[in-house]
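I have placed the structure first, in the form of structure tokens, so that the comments after it can refer back to it.
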């Protein structure tokens, strides 16, 4: 196993980003809750520990505070924002609320040019700050290494204790020397080796899966998305036809999705896969339903029913494969107190417990970009692994109002045109997500010499890096013109196209 850098999560929105930035330097990183026991930390034998930022004050009631024993583990520690304030607090420095808060872009002056953390970085640099408290006095044995207008102690260090703190976020791109600072910490201070490699991960996982499964059978739910496909391919590489993948066409997939999935995975990559045409069953369950949450539940429940029926036909199946990713299993810190919650939305409706199956989650240690890279290594085409996200309930959340075969066909055709035109314009990878939405309104139009009373489609495209926030994409007007003309001319039942210029927040990316 590669060397590991632990990131203790104190509730920062950037915690996962810290872990990603470390992996980008080919060093393996793991995020743990701030209140992980010392024994757990020690057992992971970390090369270094990073304290994330967080929204709380160290003096707040129920503030997230780790054990002071962390400082006695004998490994380098880097505190970021709240993590730096916590370092000062635990080691008897002085922290207090500041009348001048620093949020967003700020500037620091490096005052200790021999600091190993700031080696090779500018004396004056732009950073991204996010803190309301400031450190009045550094702990004994620490020296100040940088300052800003609102934070006289913007960075400090104690090289004997291998302990460092910075009052800004090096993991965000707005901090101009952020990558250099992280590299200094990882390689010059913690002496990590850049050895984290997906090829090694793939070999290790294949061996683990073989050892776990033995000669027993495994089933996988394949949705047509990247995560489930890569997870299933990795298991198939390990155990071949002991894996049976089940693909359910729920009637609300993208146009030709079912055919493409079978072609890609079965014919192209030799996976043993069963396709189930459940379209009419799903349409029956969705008939007359307009409430978004009810639609989601109906689709989820029917998927489970069909999957169970198919799985029971596979003799000796003892394991279920899920495409759970690392961000979905990180124990997310509740900033209201020390309780930790774990995300479970990737679990297939409690099926493992219900059917007495053991879980195999072969990509649960990976971030999305790493899964994409692994997918290419496993033989998936680049165009597929870089596809825009697609919601679990599919087009049902992009059809406002009742879902039926006719309305699905209209939206599938419109959506295909949106994506085709964006690809032709060379903008697909620049846009984080783009799609069409069928609205529950009709408008008057004129086609030829006749008045029409047809459906309205909204086109949505957003820019984002994390999908927590998103800005509407400034689509070139000529491209919007092409999309609109093609949809109105080629898709029977649509006579008007509108463009969504709402950002998240206050809007969501999806419409339902």
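Residue numbers (our numbering): 307 to 818. C-beta atoms are modelled at their ideal positions from N, C-alpha and C, and glycine is treated no differently. Bear in mind the structure is a predicted one, so any value in this text is a computation, not a measurement.
Look at the Cβ atom of residue i, then the Cβ atom of residue j, and state whether they are nearer than 8 Å.
{"i": "residue 313", "j": "residue 347", "result": "no"}
{"i": "residue 396", "j": "residue 491", "result": "no"}
{"i": "residue 387", "j": "residue 473", "result": "yes"}
{"i": "residue 373", "j": "residue 344", "result": "yes"}
{"i": "residue 593", "j": "residue 710", "result": "yes"}
{"i": "residue 738", "j": "residue 768", "result": "yes"}
{"i": "residue 525", "j": "residue 552", "result": "yes"}
{"i": "residue 633", "j": "residue 673", "result": "yes"}
{"i": "residue 432", "j": "residue 402", "result": "no"}
{"i": "residue 278", "j": "residue 713", "result": "As shown, the chain starts at 307 and ends at 818. That puts residue 278 outside it, with no answer to give."}
{"i": "residue 561", "j": "residue 718", "result": "yes"}
{"i": "residue 254", "j": "residue 478", "result": "Shown here, the chain extends from 307 to 818; a query on residue 254 therefore has no answer."}
{"i": "residue 530", "j": "residue 559", "result": "yes"}
{"i": "residue 808", "j": "residue 778", "result": "yes"}
{"i": "residue 816", "j": "residue 706", "result": "no"}
{"i": "residue 597", "j": "residue 578", "result": "no"}
Kindly give me the distance between the Cβ atoms of residue i and residue j, rounded to whole angstroms, as I take these residues to be in contact under 8 Å.
{"i": "residue 605", "j": "residue 699", "result": "5 Å"}
{"i": "residue 663", "j": "residue 613", "result": "That pair is no contact at about 11 Å."}
{"i": "residue 350", "j": "residue 536", "result": "About 26 Å separates the two Cβ atoms, so there is no contact after all."}
{"i": "residue 483", "j": "residue 422", "result": "That pair is no contact at about 14 Å."}
{"i": "residue 742", "j": "residue 724", "result": "5 Å"}
{"i": "residue 550", "j": "residue 580", "result": "6 Å"}
{"i": "residue 364", "j": "residue 439", "result": "7 Å"}
Here's a check: name, in chain order, each residue in its chain whose Cβ is nearer than 6 Å to the Cβ of residue i, leaving out the five neighbours to either side.
{"i": "residue 588", "result": "556, 557 and 608"}
{"i": "residue 539", "result": "684"}
{"i": "residue 382", "result": "354, 468, 495 and 496"}
{"i": "residue 798", "result": "none"}
{"i": "residue 316", "result": "340, 358, 360, 370 and 388"}
{"i": "residue 325", "result": "313, 335 and 337"}
{"i": "residue 470", "result": "384, 423 and 463"}
{"i": "residue 649", "result": "Its pLDDT being 36, under 50, residue 649 is placed unreliably in this model, and the value from its coordinates should be taken loosely. Hits under 6 Å: 634."}
{"i": "residue 770", "result": "738 and 776"}
{"i": "residue 602", "result": "699"}
{"i": "residue 415", "result": "430 and 453"}
{"i": "residue 708", "result": "596"}
Alpha carbons only, please: which of the options is nearest the one belonging to residue i?
{"i": "residue 745", "options": "785, 776, 719 and 704", "result": "704"}
{"i": "residue 353", "options": "399, 379 and 544", "result": "379"}
{"i": "residue 486", "options": "450, 512, 425 and 471", "result": "425"}
{"i": "residue 765", "options": "667, 773, 775 and 780", "result": "780"}
{"i": "residue 448", "options": "464, 442 and 325", "result": "464"}
{"i": "residue 310", "options": "319, 318 and 338", "result": "338"}
{"i": "residue 507", "options": "414, 430 and 671", "result": "671"}
{"i": "residue 533", "options": "691, 481, 590 and 519", "result": "691"}
{"i": "residue 571", "options": "726, 543, 666 and 416", "result": "543"}
{"i": "residue 728", "options": "786, 504, 615 and 590", "result": "786"}
{"i": "residue 629", "options": "598, 666, 619 and 442", "result": "666"}
{"i": "residue 419", "options": "394, 450 and 439", "result": "450"}
{"i": "residue 783", "options": "493, 795, 731 and 771", "result": "731"}
{"i": "residue 308", "options": "417, 504, 813 and 591", "result": "504"}
{"i": "residue 676", "options": "502, 458, 439 and 590", "result": "502"}
{"i": "residue 689", "options": "813, 443 and 726", "result": "726"}
{"i": "residue 615", "options": "547, 493 and 527", "result": "527"}
{"i": "residue 545", "options": "573, 617, 466 and 627", "result": "627"}
For residue i, which residues in the same chain have their Cβ closer than 8 Å to its Cβ, ignoring the five residues on either side in sequence?
{"i": "residue 622", "result": "522 and 523"}
{"i": "residue 811", "result": "775"}
{"i": "residue 398", "result": "445 and 446"}
{"i": "residue 481", "result": "431, 432, 433, 434, 474, 475 and 487"}
{"i": "residue 620", "result": "523, 525 and 550"}
Got a sec? Which residues, its chain only, sit under 7 Å from residue i by beta carbon, not counting five neighbours each side?
{"i": "residue 511", "result": "540 and 668"}
{"i": "residue 720", "result": "742, 763, 793, 797 and 800"}
{"i": "residue 417", "result": "450, 451, 452 and 453"}
{"i": "residue 554", "result": "582, 584, 609, 612 and 613"}
Consider the C-beta atom of residue i and the heavy atoms of the ligand ADP; say whether any pair is separated by less than 7 Å.
{"i": "residue 818", "result": "In the structure shown, the ligand ADP is absent, as is every other ligand, since no ligand is present at all."}
Does the contact criterion of 3 or more C-beta pairs under 8 Å hold for the segment 679 to 686 versus the segment 583 to 593? No, the segment 679 to 686 does not touch the segment 583 to 593.
The segment 367 to 382 contacting the segment 444 to 454, beta-carbon criterion three pairs below 8 Å: no
If contact is defined by three or more beta carbon pairs under 8 Å, each pair taking one atom from either stretch, is the segment 492 to 500 in contact with the segment 316 to 335? yes
Would you call the segment 772 to 791 and the segment 799 to 813 in contact, with 3 or more CB pairs under 8 Å? yes
Pair every Cβ in the segment 507 to 522 with every Cβ in the segment 558 to 571, then say whether three or more of these pairs are closer than 8 Å. no
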